[in-house]
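Undergrad:
Chains as they are written, first to last, in my numbering: chain V, 1 to 438; chain F, 439 to 746.
See below:
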């Protein structure tokens with residue numbers, strides 16, 4: 001059993017080692033390349049992308065949907081596990097909260113990147129129509145950003161106060177910063193009451209808001225009368241997909257952080273086992289909705305629907321489609337069913353597969369449908385019937401992914417990865433229980 | 439001695455450089471001059487090579503009774519076995535008389551190679567001794583097209599049309615006659631049609647030839663829809679060799695009233711935001727203000743934390 005001092009020593013943020021510096025530098029290089037590409041896109045216009053009248057949503061929107069989906073992890077891990085009193089969540093919640101915040105911020109930025117005229121962003125608010133799902137999206141994304149921030153911040157306050165005291169002598173400047181953000185936390189009963197009440201409210205609130213976010217995102221597609229989108233299944237399909245993407249991303253990040261910060265004492269094999277079970281559940285639910293989404297249209301196929309499904313099952317998009325279904329869902333289910341599969345390393349490999357599958361899944365939701373409208377556009381060049389992202393799109397998208405990873409990296413450079421106060425409280429409780437038992 | 443030799447050598451070197459410079463200048467001058475000459479020559483060669491295409495002009499005379507009188511002109515050209523509509527061609531219209539030619543005005547073809555020249559007043563033009571009007575449309579040529587002209591001749595015809603009702607059936611009756619000779623025009627085919635948004639709706643038989651009195655009688659079937667029940671019926675003499683196109687329009691409230699099914703004034707999912715459906719104003723706003731109310735409360739809690 002570790003003492004409070006040991007726990008604080010273990011869990012305070014640490015400087016980057018060589019690998020950390022190299023990782024951060026790599027991310028910054030990718031981001032700079034993306035910024036250069038974006039400036040070029042701003043100057044020359046969207047012509048630098050391969051989006052045309054057919055594929056008017058491309059990789060930017062599929063990347064946006066991926067970010068929105070992944071941000072659902074905050075809702076799943078923090079809110080669900082908190083409300084169901086799963087104590088094993090403690091070392092995972094902050095990682096989930098940070099992923100959630102980073103992803104939803106990047107979702108907002110990605111939408112702006114997709115706009116040819118970002119200077120007209122304000123028009124989305126000035127000329128908003130409540131009938132438009134775009135307006136709902138514009139409202140729900142900032143709401144989720146604020147709520148994700150509060151979800152991260154409220155439980156963080158006691159830890160910031162601990163860090164303030166910890167660095168008081170060694171790093172007074174840093175200590176001052178921690179002091180400012182700890183909002184004069186002393187751990188008084190009144191403060192604890194306000195904090196725990198607020199966390200409870202957020203945990204309750206983030207569930208409907210998370211559901212609204214994913215549903216609005218789904219409705220952006222399903223309110224459009226197009227093959228592959230116009231489906232009543234879409235809301236639930238997106239929520240379950242977000243569940244998969246979020247938990248997959250969490251496992252991948254947890255594995256890397258555990259290894260690089262040597263947190264094996266806090267994030268144990270038991271945590272991976274639990275996350276593995278959660279991922280199997282998520283994948284099974286998502287697989288069920290996938291069957292719904294593809295089997296029924298295949299059964300009742302109209303000519304257009306048949307063409308679309310043929311394209312996915314046997315055509316140009318078949319390799320991606322089957323990679324997503326088999327690699328991103330079926331293999332994870334099979335592997336994670338076994339206890340050996342729920343060990344950290346196999347889980348990490350599976351999580352990477354799931355994240356890749358989730359990213360490409362959004363791509364095959366967006367692109368093939370756009371290339372096959374009910375009413376073909378007359379007299380357009382042949383090349384407009386096909387879409388594959390341009391180098392600008394890849395660079396910019398790469399930069400948004402790198403930016404999300406950089407936000408996560410930097411937040412963990414200055415914030416405790418595992419909640420210190422809560423961990424010490426739990427250890428204290430365990431000790432008290434042991435004494436009482438003996 | 440040595441000094442004078444040096445001086446001499448220096449002078450020699452100088453003169454050598456000068457002569458070389460002069461040669462250079464001559465070369466440059468010759469080069470510039472030859473480029474200028476060649477350029478001029480090649481330009482003139484090029485100008486000779488440009489082929490002027492033949493321009494075709496097509497003119498239609500149209501007269502609407504109690505309305506406009508105009509000439510619809512089309513300019514085209516056959517280039518590489520393809521008919522091309524020629525835009526931006528300036529055309530001049532003349533009224534040709536036996537011994538005179540009166541300029542009526544100018545017009546320019548649009549992107550589709552078309553132009554409409556509207557006569558302000560029909561009395562602007564005069565007929566010749568045989569009561570025939572002669573109009574000349576002339577193009578004076580440009581770099582790409584040769585000069586061209588086209589004349590048309592027509593006599594002035596009049597159509598008088600009206601609606602009559604016999605045994606509860608509506609008919610349109612029309613009489614066609616020559617305005618100068620004051621005589622009916624016999625056995626000419628007239629078209630009867632109802633004005634529609636894109637193409638007119640023809641009614642009656644395919645050919646309605648005028649009788650000895652220059653008249654036709656065409657029944658109007660019931661139930662033709664019109665805004666407020668109003669129908670605009672047209673009697674048309676179409677591209678006649680002698681009289682051109684003459685059209686009479688009669689408006690009558692004999693159609694079926696169109697019931698306006700527009701949702702323009704209603705609150706719908708597709709209307710502008712000032713006509714947002716009420717339920718969409720209530721529920722999303724309840725959600726938005728409810729959630730943001732709680733968020734504000736949480737921020738107040740942050741403030742309380744720092745003060746407690």
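Glycine included, every Cβ here is placed at the ideal spot set by N, Cα and C. Owing to the predicted nature of the structure, the values given are computational and were not obtained by experimental measurement.
1. One question on the structure: do residue 617/F and residue 650/F come within less than 8 Å of each other, judged by their Cβ atoms?
2. DSSP three-state call for residue 400/V: helix, strand or coil?
3. Since residue 683/F and residue 500/F are thought to touch, with beta carbons under 8 Å apart, how far apart are those beta carbons, to the nearest angstrom?
4. At which residues does the beta strand (DSSP E) containing residue 237/V begin and terminate?
5. Take residue 127/V as the anchor and find which of 736/F, 712/F, 722/F has the nearest alpha-carbon.
6. Which residues bound the beta strand (DSSP E) around residue 501/F?
7. If you follow the beta strand (DSSP E) that residue 130/V is in, where does it begin and where does it stop?
8. When you compare each of 285/V, 363/V, 293/V to residue 323/V by their alpha carbons, which one comes out closest?
9. Classify residue 332/V: buried if its beta carbon has 16 or more other beta carbons within 10 angstroms, exposed otherwise.
10. Determine the direct distance from the alpha carbon of residue 642/F to that of residue 657/F, and round the result to whole angstroms.
11. If you follow the alpha helix (DSSP H) that residue 334/V is in, where does it begin and where does it stop?
12. Counting only C-beta atoms, is residue 485/F closer than 8 Å to chain V at any point?
13. With 8 Å as the threshold, decide whether the Cβ of residue 129/V is near any Cβ in chain F.
14. Quick one: is residue 414/V buried, meaning 16 or more other Cβ sit within 10 Å of its Cβ, or exposed?
15. Any contact between the stretch 152–160 of chain V and the stretch 84–99 of chain V? By contact I mean 3 or more CB pairs, one from each, below 8 Å.
16. What's the C-alpha gap between residue 439/V and residue 359/V?
17. Got a sec: which bits of the stretch 550–575 of chain F sit with their beta carbon under 8 Å from any beta carbon on chain A, in order along the chain?
18. Does the stretch 508–522 of chain F come close enough to the stretch 599–614 of chain F to have 3 or more Cβ pairs within less than 8 Å?
19. Rounded to the nearest angstrom, what separates residue 433/V and residue 90/V at their Cα positions?
20. In whole angstroms, what separates the C-alpha of residue 483/F from that of residue 579/F?
21. Does any CB atom of chain F fall closer than 8 Å to the CB of residue 185/V?
22. Determine the chain V residues that contact residue 744/F at a beta-carbon separation under 7 Å, and present them in chain order.
23. Below 8 Å between beta carbons: does that hold for residue 233/V and residue 313/V?
24. Put residue 604/F into one of helix, strand or coil per three-state DSSP.
25. Buried or exposed for residue 180/V, going by 16 or more other Cβ atoms inside 10 Å?
26. Rounded to the nearest angstrom, what separates residue 163/V and residue 736/F at their Cα positions?
27. Can you give me the C-alpha to C-alpha distance between residue 634/F and residue 672/F, rounded to a whole angstrom?
28. Any contact between the stretch 342–356 of chain V and the stretch 301–315 of chain V? By contact I mean 3 or more CB pairs, one from each, below 8 Å.
29. Run through chain F and tell me which residues come within less than 8 Å of residue 146/V, C-beta to C-beta.
30. For chain F, is any of its Cβ atoms less than 8 Å away from the one on residue 188/V?
31. Starting from residue 508/F, follow its DSSP beta bridges and name the residues at the other end.
32. Pairing CB atoms from the stretch 264–276 of chain V with CB atoms from the stretch 205–223 of chain V, are three or more of them under 8 Å?
33. Report yes if the CB atom of residue 632/F is closer than 8 Å to the CB atom of residue 670/F, and no otherwise.
34. Check whether chain F comes within 8 Å of residue 23/V, counting only Cβ atoms and requiring the distance to be less than that.
35. So for residue 291/V, helix, strand or coil by DSSP?
36. If you reduce the DSSP assignment to three classes, tell me which class residue 280/V lands in.
TA: By the coordinates alone:
1. No, they are not a contact pair.
2. Note: residue 400/V maps to helix in three-state DSSP.
3. With a Cβ gap of about 4 Å, residue 683/F and residue 500/F count as contacting.
4. Run containing residue 237/V: none in the beta strand (DSSP E); it sits in the alpha helix (DSSP H), 234–260.
5. Between residue 127/V and the set 736/F, 712/F, 722/F, the nearest pair of CA atoms involves 712/F.
6. 494–502 is the span of the beta strand (DSSP E), which, as asked, contains residue 501/F.
7. That residue, residue 130/V, is in no beta strand (DSSP E); it is neither H nor E in DSSP.
8. The residue with the shortest Cα to Cα distance from residue 323/V is 363/V.
9. By the neighbour-count criterion, in which 16 or more other beta carbons inside 10 Å mark a residue as buried, residue 332/V falls on the buried side.
10. So the alpha carbons of these two residues sit roughly 7 Å apart.
11. Residues 331–337.
12. Note that residue 485/F has pLDDT 49, beneath the 50 cutoff, so the model's placement of it is unreliable and no number is given.
13. It does; some Cβ of chain F falls within 8 Å.
14. That one is exposed.
15. Taking a cut-off of 8 Å for Cβ pairs, the stretch 152–160 of chain V and the stretch 84–99 of chain V touch, as three or more such pairs fall below it.
16. An answer regarding residue 439/V cannot be provided, because it is not within the stretch 1 to 438 covered by chain V.
17. Checking the listed chains, one finds no chain A in this structure; the protein chains it contains are V and F.
18. Proximity of the stretch 508–522 of chain F to the stretch 599–614 of chain F falls short of the contact definition, fewer than three beta-carbon pairs being nearer than 8 Å.
19. C-alpha separation (whole angstroms): 19 Å.
20. Model confidence at residue 483/F stands at a pLDDT of 49, short of 50, so the residue's coordinates are unreliable and nothing is read from them.
21. The beta carbon of residue 185/V falls within 8 Å of a beta carbon belonging to chain F, placing the residue at that interface.
22. Result: 183, 184.
23. Taking 8 Å as the Cβ cut-off, residue 233/V and residue 313/V do not qualify as a contacting pair.
24. Under the three-state reduction of DSSP, residue 604/F is assigned to strand.
25. Its Cβ having fewer than 16 others within 10 Å, residue 180/V is exposed.
26. Spanning the two alpha carbons is a distance of roughly 23 Å.
27. Between the alpha carbons of residue 634/F and residue 672/F lies a distance of about 11 Å.
28. Under the Cβ criterion (8 Å, minimum of three pairs), the stretch 342–356 of chain V does not count as touching the stretch 301–315 of chain V.
29. Under the 8 Å cutoff, chain F gives 733.
30. At least one CB atom of chain F sits nearer than 8 Å to the CB of residue 188/V.
31. Looking at the DSSP assignment, residue 508/F forms a beta bridge with 500/F, 556/F.
32. With a cut-off of 8 Å, the stretch 205–223 of chain V and the stretch 264–276 of chain V do not count as touching, because too few Cβ pairs lie within range.
33. A Cβ-Cβ contact shorter than 8 Å links residue 632/F with residue 670/F.
34. Closer than 8 Å: no.
35. Helix at residue 291/V.
36. When secondary structure is reduced to three states using DSSP, residue 280/V falls in the helix class.
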